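Asker: Heads up, the numbering used here is the position in the sequence shown plus 663, with the first residue counted as 1. Virtual Cβ for every residue (Gly too), placed ideally from N, Cα, C. Nothing here was measured: the structure is a model prediction, and the numbers come from that model.
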Amino acid sequence: MTDRELDELLTIRWPMVMRRVMADGTDEWLKGFVRSIAKHGKRASWRPTGKQEQIMRRLVSELGTAPERDVELIER
């Protein structure tokens with residue numbers, strides 16, 4: 664993963680992935696993983712391991728491109 668790809672993934676796509684993972688809220692490991700990547704991604708010298716990169720790319724392809732679900736309003 665190039666520096667540019669990593670920057671794009673962390674700044675543009677990762678927030679959407681995080682929102683979707685946190686909204687589903689069933690997989691504790693996955694929630695911890697996306698939080699960890701967001702935390703580590705703030706450090707300029709951090710680079711994902713090969714395994715982390717594979718999981719990140721899979722999550723972006725599955726969650727980062729899926730259409731938004733309808734939002735249900737609390738009050739109408």
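Answer with buried or exposed for Ile700, where buried requires no fewer than 16 other C-beta atoms within 10 angstroms of its C-beta.
Answerer: The residue labelled residue 700 in the question sits at position 37 within the sequence shown. It is buried - the Cβ of Ile700 has at least 16 other Cβ atoms within 10 Å.
Asker: Just the C-alpha distance for Leu669 and Met681, rounded to the nearest angstrom, thanks.
Answerer: Counted from its first residue, the sequence shown places residue 669 at position 6. Counted from its first residue, the sequence shown places residue 681 at position 18. So the two alpha carbons sit approximately 16 Å from each other.
Asker: Give the secondary structure of Ile737 by DSSP, where H, G and I count as helix, E and B as strand, and everything else as coil.
Answerer: Position 74 of the sequence shown, counting from 1, holds the residue named residue 737. Reduced to three states, the DSSP call for Ile737 is coil.
Asker: Considering Met664, what are the terminal residues of the alpha helix (DSSP H) in which it resides?
Answerer: Residue numbering aside, residue 664 sits at position 1 when the sequence shown is read from its first letter. Here Met664 belongs to no alpha helix (DSSP H), and DSSP marks it neither H nor E.
Asker: To the nearest angstrom, how far is the alpha carbon of Val697 from that of Asp666?
Answerer: Here residue 697 is taken as the residue at index 34 of the sequence shown, counted from 1. Here residue 666 is taken as the residue at index 3 of the sequence shown, counted from 1. Using only the alpha carbons, I get a separation of about 19 Å.
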